[in-house]
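All the letters of the sequence shown, read from the start, carry residue numbers 1 to 102 under the numbering used here. Glycine included, C-beta positions come from ideal geometry on N, C-alpha and C.
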Amino acid sequence: MAVVKINAVSVPKEARAEFERRFINRARTIDDSPGFLGFEMLRPVAGDDRYFIVTRWEDDESFEMWRDGSARASHKGEQGKPVFAEANVLEFQVVLDVKPKR
């Protein structure tokens, strides 16, 4: 069963451009991770001040292998201080995935 992991990240307004730049610069580093199905970065516009980094995985094990391996490596070498105030991971199983008829 596919799983979704959402990293909910509080980023001060003055750091948002740098936060986005860092993600854009390393966006493709996850592509070859076994079990990776895709991700989206959602910018807050109303109702919440957190970014949501939504990743889809074939299973929990695939996510855990990435998290404990290449995810750590992809964050190494970033310059400067952290640009976020707080981050929490929300975890879900996909029960229903409806695609539009075409």
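* Determine contact between the region 86-101 and the region 29-42, defined as no fewer than three beta-carbon pairs at a distance below 8 Å. => no
* **Delimiting residues of the beta strand (DSSP E) encompassing Phe52** => The residue given as residue 52 occupies position 52 in the sequence shown. From DSSP, the beta strand (DSSP E) with Phe52 extends over Arg50 to Trp57.
* Figure out for me which residue from Val11, Phe36 and Ile24 has the closest Cα to the Cα of Glu58. => On the sequence shown, position 58 is the one that residue 58 refers to. Nearest of Val11, Phe36 and Ile24 to Glu58, Cα basis: Phe36.
* To do: Return helix, strand or coil for Ala87, following the three-state DSSP convention.
  => As a first step, residue 87 is located in the sequence shown; it is residue number 87 there, counting from the start. Strand at Ala87.
* What are the boundary residues of the alpha helix (DSSP H) that includes Ile24? -> As a first step, residue 24 is located in the sequence shown; it is residue number 24 there, counting from the start. Start and end: Arg16 to Arg26.
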